[in-house]
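For the sequence shown, the positions run 15 to 347 when my numbering is used. In what follows, a structure is listed as structure tokens, so that the remarks can point back to it.
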Amino acid sequence: MLNLNLLEALEQLEGEKNIRRDDIIEILEKALTTAYKKNFNVQEDDVSVKIDPITGEINVFQNVEESNEDGLVQTKTSRDTLNTKKFGRIAAQTAKQVLIQKLKEIERENLYQEYMDLIHTVVSAEVVHPSNGDVDLRIGRIDAVLPAKERIPGEKFLAEQFVRVYVLQVEKRSKGPVVIVSRVANELVQKLFEMHIPEVESGIVRIVTIAREAGSRSKVAVVSTDTNVDPVGACIGESGSRVMQVIKELNGEKLDIIPFSSDPGQFVSYALSPAKVMDVSINEQEHRMYITVSPMQISLAIGKDGQNVRLASKLTGWKIEMRQFMGEGFKGS
Numbered sequence: 015m016l017n018l019n020l021l022e023a024l025e026q027l028e029g030e031k032n033i034r035r036d037d038i039i040e041i042l043e044k045a046l047t048t049a050y051k052k053n054f055n056v057q058e059d060d061v062s063v064k065i066d067p068i069t070g071e072i073n074v075f076q077n078v079e080e081s082n083e084d085g086l087v088q089t090k091t092s093r094d095t096l097n098t099k100k101f102g103r104i105a106a107q108t109a110k111q112v113l114i115q116k117l118k119e120i121e122r123e124n125l126y127q128e129y130m131d132l133i134h135t136v137v138s139a140e141v142v143h144p145s146n147g148d149v150d151l152r153i154g155r156i157d158a159v160l161p162a163k164e165r166i167p168g169e170k171f172l173a174e175q176f177v178r179v180y181v182l183q184v185e186k187r188s189k190g191p192v193v194i195v196s197r198v199a200n201e202l203v204q205k206l207f208e209m210h211i212p213e214v215e216s217g218i219v220r221i222v223t224i225a226r227e228a229g230s231r232s233k234v235a236v237v238s239t240d241t242n243v244d245p246v247g248a249c250i251g252e253s254g255s256r257v258m259q260v261i262k263e264l265n266g267e268k269l270d271i272i273p274f275s276s277d278p279g280q281f282v283s284y285a286l287s288p289a290k291v292m293d294v295s296i297n298e299q300e301h302r303m304y305i306t307v308s309p310m311q312i313s314l315a316i317g318k319d320g321q322n323v324r325l326a327s328k329l330t331g332w333k334i335e336m337r338q339f340m341g342e343g344f345k346g347s
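Here is the structure:
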């Protein structure tokens with residue numbers, strides 16, 4: 015009856031904990047060995063417990079010293095079927111504790127390895143404990159944390175709300191692995207475009223670079239590998255349907271989708287959209303561009319608090335200096 019119950023227990027643990035039977039048997043053998051030594055006061059290296067994986071029979075192998083006819087002491091290994099009923103209460107409790115602890119360790123390691131595959135992907139996480147600092151989340155069977163520095167400024171959460179997050183890393187902690195996620199990473203924008211825009215997911219439209227001020231505005235430079243596909247139009251979708259899905263995922267963050275150009279001056283002109291550029295002068299040595307716009311366009315080009323020109327500079331990698339065309343000359347911004 016003991017053997018049958020043991021085999022059933024092994025099968026149950028294998029299914030529930032996703033731990034291989036051989037690993038469970040090895041853990042149980044060590045636990046029973048520890049308990050046996052404790053109960054019968056046996057030396058550390060003199061005994062081992064083995065479990066037959068087919069029958070479930072538990073055997074104890076113990077080294078026993080015997081004297082032969084010549085008076086020489088020899089060590090022999092004896093084998094007995096373990097009768098667990100002879101275990102004392104403390105020994106049985108020891109076996110149980112060792113088994114539980116080892117199973118937890120293996121389960122944590124398996125979870126860690128499983129969730130390591132999520133690094134650099136976007137997943138849906140459930141909010142467990144909203145706060146003004148770090149936010150506790152749940153991703154499947156594992157805890158996750160959205161650190162305060164990885165939150166979109168001003169974004170609020172509700173308990174049981176689901177939110178898309180970018181997985182930065184998986185940490186091993188005393189209570190088990192924890193996933194560290196972000197809502198401000200540029201990669202979140204990249205992955206959301208891949209999720210909601212088929213041409214980006216298939217590679218027909220490629221995101222070249224992203225400049226982002228999370229929660230406020232992002233500029234995304236795109237290029238098409240198919241001359242018949244307009245990369246900007248593909249990302250925006252009919253009546254803005256596609257880009258609106260991404261904006262919704264980003265809590266209303268504004269998105270400027272910019273056509274990429276290998277011509278630096280043209281690319282910077284595009285990046286300053288929605289402003290209209292009149293002229294571009296390039297200083298290669300300083301890696302700087304002087305951009306001329308009309309007085310009517312200067313505020314639009316610079317943007318609120320300088321955001322538009324700042325993002326355009328990040329997107330293109332060029333220092334940008336704005337100038338106004340005044341009819342007879344230029345005026346710096």
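Idealized CB from N, CA, C, for every residue including glycine. Predicted model only: the values in this text are computed from it and were never measured.
Shortest Cα-Cα distance from residue 153 to any of 257, 147 and 180 involves 180.
Only exposed fits residue 212, as fewer than 16 other CB atoms lie within 10 angstroms of its CB. Here the alpha carbon of residue 164 sits roughly 29 Å from the alpha carbon of residue 216. Residue 281 is positioned such that its CB atom lies no closer than 7 Å to that of residue 222.
Following the DSSP letters along the chain, one finds residue 201 in no beta strand (DSSP E) but inside the alpha helix (DSSP H) bounded by residues 200-210. Looking at the backbone, the Cα of residue 301 and that of residue 332 are separated by about 6 Å. With a contact defined as Cβ atoms closer than 8 Å, residue 272 and residue 233 qualify at about 6 Å. Sequence-distant Cβ neighbours of residue 32 in its own chain, meaning closer than 7 Å and more than five residues away, are 124.
Residue 283: member of the alpha helix (DSSP H) spanning 278-285, first to last residue. Counting C-beta pairs with one atom in each stretch, the segment 157-173 and the segment 112-124 have fewer than three that are closer than 8 Å, which means they do not touch.
Just measuring C-alpha positions, the residue of 49, 117 and 52 sitting nearest residue 26 is 117. For residue 337, there is no enclosing alpha helix (DSSP H); the residue is found in the beta strand (DSSP E) stretching over 333-339. Residue environment analysis places residue 263 among the buried positions, since at least 16 neighbouring C-beta atoms fall within 10 angstroms of its C-beta.
Of the candidates 224, 195, 186 and 310, the residue whose Cα lies closest to the Cα of residue 203 is 224.
Excluding sequence positions up to five before and after residue 292, its CB lies within less than 7 Å of the CB of 306, 307, 308 and 339, all in the same chain and listed in chain order. Your pair residue 311 and residue 289 checks out as a contact, with CB atoms roughly 5 Å apart and the cut at 8 Å. Between residue 137 and residue 178, the alpha-carbon positions lie close to 6 Å from each other.
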